[in-house]
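**Student:** Those protein sequence lines, which keep their order, are chains A and B.
With the first sequence counted from 1, adding 3 to any position gets you the working numbering.
With the second sequence counted from 1, adding 32 to any position gets you the working numbering.
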Amino acid sequence: MQWKRVILLAGHYGSGKTNLAVNLAAALKKQEKPVVIADLDIVNPYYRTKDSEEELKRLGIPLISSPYANSNVDVPALPQELYTVVDRTDTYAVVDVGGDDRGALALGRYTPKLLEEDNFEMLFVMNMYRPLTKEVSGTLEVMREIEIAGGLPFSALVNNSNLGAETTAHDVVRSVAYAEAVSKACGLPVKMTSVMESLYSNLREKIPNVVPLRLQNKRIWN
Amino acid sequence: MAEKVLMKGNEAIAEAAIQAGCRFYFGYPITPQTEIAAYMAKRMPKIGGTFLQAESEVAAINMCIGVASTGKRVMTSSSSPGVSLKAEGISYMAGCDLPALIVNVQRGGPGLGGIQPSQSDYFQATKGGGHGDYRLFVVAPASVQEMVSLTAHAFNVAEKYRVPAMLLADGTLGQMMEPVVIDDITVEEHDKSWALTGTKGERAHNIINSLSMLPEELEQWNIDRYQRYAQIEKNEPMWEEYMMEDAEICVVAFGIASRVSRNAIRAAREKGIRVGMIRPITLWPFPKEMLLASSEKVKAYITVELNMGQMVEDVELATRCRRPVLSANRAGGCIPSPEQVLAQIEAANRLGGEQ
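Written out as structure tokens, the structure is:
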């Protein structure tokens with residue numbers, strides 16, 4: 004799969020952006036490309052890229068994240084290092100944009116430089132099993148709100164439809180028609196369908212451009 | 033909406049409230065419950081409901097008093113410091129015998145505390161928080177699915193007995209995503225002849241008020257209210273038993289703590305320790321009778337909590353202090369680990385053996 008230098012992942016919160024970001028950065032690293040991962044989330048208090056800090060360290064992928072992520076400090080602060088995403092044009096950057104339009108608001112300050120370099124792609128991550136984006140109209144509404152807030156147009160879609168750890172291959176197959184309907188309505192291609200690693204072998208022949216994902220979420224409860 | 037969807041706990045509360053007939057939401061944002069307000073802001077205008085971000089928590093709870101007085105279903109939500117601000121209004125609501133739902137997605141305290149998950153508002157929810165002789169019906173969900181069913185249940189119970197109800201969750205449950213099915217929501221019809229709906233010149237005015245000029249009258253209001261509380265204590269306790277058939281050690285835990293405990297209990301069972309769990313689903317009324325009955329066989333209890341052990345004394349009271357009550361707890365936004373709970377189960381097992 005071909006990638007632009009800056010890959011922006013945005014979407015409704017809970018669509019799976021963070022998980023996807025870690026997996027994409029790992030895939031680029033595997034191809035021996037220099038890559039950083041950046042957490043632009045100024046909204047979510049928990050379940051953030053920072054949860055994967057150890058794994059990213061092991062993979063040798065620098066994480067640019069608010070020093071306050073996963074702490075008790077509740078301020079929408081971003082670190083100055085985030086500018087390396089637009090300044091260091093020799094390095095790939097996977098950017099985890101926060102959920103919804105409120106999350107995408109922080110993107111605005113990097114928009115002029117991203118447009119100037121014109122080597123980015125903005126992916127809309129979608130999950131038809133989220134109640135507010137289960138229909139095409141609701142999905143388009145969220146897309147439009149994010150584009151307005153961030154000041155950047157989407158370039159492609161990622162179908163990440165899932166029901167968490169309970170997702171079955173059937174659930175993913177069912178989502179293909181939804182992804183195609185969204186694609187038709189907005190005119191953007193479905194770049195890939197991302198699925199849990201365990202479903203990959205079952206689905207690789209059935210759906211075009213299927214990508215396996217390793218789930219990052221560690222839980223001490225069940 | 034009977035298909036399975038993936039929802040955050042906070043969103044599930046909001047959607048369940050809507051399905052349960054709530055069309056009025058008043059609130060003020062605070063982490064980690066803001067998604068409730070965000071969801072309501074998106075949904076309410078589309079279904080003819082009212083979402084209003086109030087100027088403060090105090091304003092929001094007083095707006096709830098207004099709507100509740102008309103007999104309509106209404107809710108507010110906040111997190112710990114915000115619920116403290118609402119305490120006065122909650123007391124007025126109880127004094128006016130008004131049903132409503134107050135959601136507390138708890139974070140660490142006291143004071144401004146932090147934004148990580150906590151259960152340290154147990155006392156505030158179950159013993160008062162506001163002033164005066166009053167009780168809240170308090171439910172404590174342990175999963176996103178249960179946030180759906182208990183939200184709807186809390187509205188029904190609140191109306192049945194004309195009391196405010198509280199759904200006590202924590203930041204983890206509010207933020208976690210799980211697949212849920214939003215169905216099985218029953219909207220019960222209860223008498224609303226007390227509500228302010230306009231007399232149309234056909235009946236005497238209803239008065240909704242917590243102020244009385246006469247001490248004897250105010251006393252009688254309290255006595256009448258406590259008769260309803262006695263009915264709630266008799267009819268409404270809810271709990272779940274887990275591996276209690278032969279248990280000699282009993283974990284008592286609610287909400288997210290009960291899910292950490294399950295892992296520890298299974299690990300302890302593998303070591304041959306006969307341990308089980310009683311999970312209170314209603315925190316008030318507390319499942320006292322069930323706990324007392326269990327003390328015939330149980331040698332020691334352990335509360336697992338995200339606070340400094342606030343539930344210990346309720347377990348001691350319920351079991352008449354017949355058995356030792358230990359605690360495996362963390363505070364300040366930290367969650368007890370299954371290993372910590374297992375260590376305390378082993379300690380309780382040694383303790384129980386000595387008796």
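Heads up, the beta-carbon is just placed ideally off N, CA and C, and yes, glycines get one too.
Please classify B:Ile45 as buried or exposed, where buried requires at least 16 other C-beta atoms within 10 Å of its C-beta.
**Tutor:** Buried, because 16 or more other Cβ atoms sit within 10 Å of the Cβ of B:Ile45.
**Student:** Taking only three categories from DSSP, how would you classify B:Gln51?
**Tutor:** Of the three classes helix, strand and coil, the one that applies to B:Gln51 here is helix, per DSSP.
**Student:** When DSSP builds the beta bridges, which residues end up paired with B:Cys282?
**Tutor:** DSSP output for B:Cys282 lists B:Gly308, B:Tyr333 as bridge partner(s).
**Student:** Beta-carbon of A:Asn223 versus every beta-carbon of chain B: anything under 8 Å?
**Tutor:** The question names Asn, but residue 223 of chain A is Ile in the sequence shown. Judged by the 8 Å Cβ criterion, A:Ile223 is in contact with chain B.
**Student:** May I ask which residues mark the beginning and end of the alpha helix (DSSP H) holding A:Leu2?
**Tutor:** Examination of residue 2 of chain A is not possible in this model, given that chain A is present from 4 through 225 alone.
**Student:** Whole beta strand (DSSP E) runs in the region 55-121 of chain A with 3 or more residues, listed along the chain?
**Tutor:** Here the runs fully enclosed are 95-99.
**Student:** For a cutoff of 8 Å on Cβ pairs, would you count A:Gly17 as touching chain D?
**Tutor:** Going by chain labels, chain D is absent from the structure shown, which instead holds the protein chains A and B.
**Student:** Can you tell me which of the three DSSP states A:Gly17 falls into?
**Tutor:** It is coil, neither helix nor strand.
**Student:** Could you check the C-alpha separation between B:Val262 and B:Tyr193 for me, to the nearest Å?
**Tutor:** It should be noted that the sequence gives Ala, not Val, for residue 262 of chain B. Going by the C-alpha atoms only, they are around 11 Å apart.
**Student:** Return no unless some Cβ of chain A is closer than 8 Å to the Cβ of B:Lys331.
**Tutor:** Not one chain A Cβ lies under 8 Å of B:Lys331.
**Student:** What are the start and end residues of each continuous alpha helix (DSSP H) run of 4 or more residues lying completely inside the region 121-177 of chain A, in chain order?
**Tutor:** Runs found: 139-153.
**Student:** Count the other C-beta atoms from every protein chain shown that fall within 10 angstroms of the C-beta of A:Asn122, then say buried if there are 16 or more, exposed otherwise.
**Tutor:** Burial call: exposed.
**Student:** What residues in the region 166-195 of chain A have a beta carbon less than 8 Å from any beta carbon of chain B?
**Tutor:** Cβ contacts with chain B come from Leu166, Gly167, Glu169.
**Student:** Do A:Thr94 and A:Val39 count as a contact pair if the criterion is CB distance below 8 Å?
**Tutor:** It is a contact, given that the beta carbons lie within the stated cut-off.
**Student:** Going along chain A in order, which residues have a C-beta closer than 9 Å to the C-beta of B:Glu302?
**Tutor:** The contacting residues do not exist; B:Glu302 stays about 15 Å from chain A at best.
**Student:** Going along chain A in order, which residues have a C-beta closer than 7 Å to the C-beta of B:Gly365?
**Tutor:** Chain A residues near B:Gly365: Asn75.
**Student:** According to the neighbour-count rule (16 or more other Cβ atoms, all chains shown, within 10 Å of its Cβ), is B:Thr314 buried or exposed?
**Tutor:** Buried, since its Cβ has 16 or more Cβ neighbours within 10 Å.
**Student:** Determine the closest residue to B:Gly41 out of B:Gly308, B:Ile240, B:Asp346, B:Ser109, with distance taken between C-alpha atoms.
**Tutor:** Answer by Cα proximity: B:Ser109.
**Student:** With B:Tyr193 as the anchor, note down where its alpha helix (DSSP H) starts and where it stops.
**Tutor:** Start and end: 176-193.
**Student:** Exposed or buried, B:Asn388, counting other C-beta atoms within 10 Å across all chains shown (16 or more means buried)?
**Tutor:** Residue 388 of chain B cannot be examined here, being either before or after the span of chain B that is shown, 33 to 387.
**Student:** Quick one: using the 10 Å Cβ neighbour count with 16 as the cut-off for buried, is B:Thr351 buried or exposed?
**Tutor:** Flag for B:Thr351 reads buried.
**Student:** Using only CA atoms, which one of B:Val212, B:Met39, B:Leu246, B:Asn188 lies nearest to B:Asp223?
**Tutor:** Ranking the options by Cα distance to B:Asp223, first place goes to B:Asn188.
**Student:** So what does DSSP say about B:Thr66, is it helix, strand or coil?
**Tutor:** Reduced to three states, the DSSP call for B:Thr66 is helix.
**Student:** Any idea what DSSP makes of B:Met343, helix, strand or coil?
**Tutor:** Reduced to three states, the DSSP call for B:Met343 is coil.
**Student:** DSSP beta-bridge partners for B:Ser109?
**Tutor:** According to DSSP, B:Ser109 bridges with B:Val135.
**Student:** Helix, strand or coil for B:Leu205, going by three-state DSSP, please let me know.
**Tutor:** In the structure shown, B:Leu205 sits in a helix (DSSP, three-state: H, G or I).
**Student:** So what does DSSP say about B:Gly365, is it helix, strand or coil?
**Tutor:** Looking at B:Gly365 - three-state DSSP - the assignment turns out to be coil, as it is neither helix nor strand.
**Student:** To the nearest angstrom, how far is the alpha carbon of B:Asn295 from that of A:Glu200?
**Tutor:** Approximately 25 Å between the Cα atoms of the pair.
**Student:** At 4 residues or longer, what runs of the alpha helix (DSSP H) sit wholly inside the region 194-275 of chain B?
**Tutor:** Correct list: 203-207, 247-267.
**Student:** Measuring CB to CB, does B:Gly161 end up less than 8 Å from B:Ala197?
**Tutor:** No, Cβ-Cβ distance for B:Gly161 and B:Ala197 is not below 8 Å.
**Student:** Assuming A:Ala29 and A:Ile64 form a contact by the criterion Cβ under 8 Å, report the distance between their Cβ atoms to the nearest whole angstrom.
**Tutor:** Yes, they are in contact, since the Cβ atoms of A:Ala29 and A:Ile64 sit about 7 Å apart, within 8 Å.
**Student:** Who does A:Thr196 pair with in a DSSP beta bridge?
**Tutor:** DSSP, once it has assigned bridges, lists A:Asn162, A:Val213 as partnering A:Thr196.
**Student:** Apart from the five residues just before and just after B:His163, which ones in its own chain have a Cβ nearer than 7 Å to its Cβ?
**Tutor:** Ser123, listed in sequence order.
**Student:** From the beta carbon of B:Met209, is the nearest beta carbon of chain A less than 8 Å away?
**Tutor:** Yes, because at least one Cβ of chain A sits closer than 8 Å to the Cβ of B:Met209.
**Student:** Going along chain A, which residues have a C-beta under 7 Å from B:Lys74?
**Tutor:** Correct list: Leu135.
**Student:** Which first and last residues belong to the alpha helix (DSSP H) in which B:Ile288 is found?
**Tutor:** From DSSP, the alpha helix (DSSP H) with B:Ile288 extends over 288-302.
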